[in-house]
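The sequence shown maps to residues 41 to 142 in the numbering used here.
Where a beta carbon is used, it is the ideal one built from N, C-alpha and C, also for glycine.
This report refers to the structure that appears directly beneath it.
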Amino acid sequence: MHETRRVSHSSGVHCARCDSRIPAAMIREETAWRREGNGVVRFSSGAIATKPLLGVVYCPNCAPDVAICKRCGCTDECACPGGCTWVTPACDLCSCCVETGP
Numbered sequence: 041m042h043e044t045r046r047v048s049h050s051s052g053v054h055c056a057r058c059d060s061r062i063p064a065a066m067i068r069e070e071t072a073w074r075r076e077g078n079g080v081v082r083f084s085s086g087a088i089a090t091k092p093l094l095g096v097v098y099c100p101n102c103a104p105d106v107a108i109c110k111r112c113g114c115t116d117e118c119a120c121p122g123g124c125t126w127v128t129p130a131c132d133l134c135s136c137c138v139e140t141g142p
């Protein structure tokens, strides 16, 4: 699992999966085009942030392949506290969210 970093809008961040640099211009607030109920922010650049305050951001190349929990927004690189596993074949619901219910 990658170390999480706070998002710095001045310098950018590194992709949580491939570690490539994501320029700050790609993840600025004004480029966010959709916020989902699970906390995921999708940017017009194609980048996604699953835990924006922790700096868990994926570059446009990796973003399409990231499995994200539809309830809490956890990913393989940033699991729930204490850990979790995927419980659906689509990898869109984690074990912590199944245990807590709707």
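Residues in the same chain with beta-carbon distance under 7 Å from Cys109, minus the five sequence neighbours each way, listed in chain order, please.
Asn78, Asp132, Leu133, Cys134, Cys137
Sort Ala107, Cys114, Arg68, Val97 by Cα distance to Pro129 and report the nearest one.
Ala107
Val127 and Val97 look like a contact to me (Cβ under 8 Å); what is the Cβ gap, rounded to whole Å?
25 Å between Cβ atoms; not a contact.
Between Glu70 and the rest of its own chain, which residues show a CB-CB distance below 6 Å, the 5 nearest in sequence each way excluded?
Excluding positions up to five away in sequence, the list is empty.
Got a sec? Which residues, its chain only, sit under 7 Å from Asp116 by beta carbon, not counting five neighbours each side?
Only Ala107 meet the Cβ criterion.
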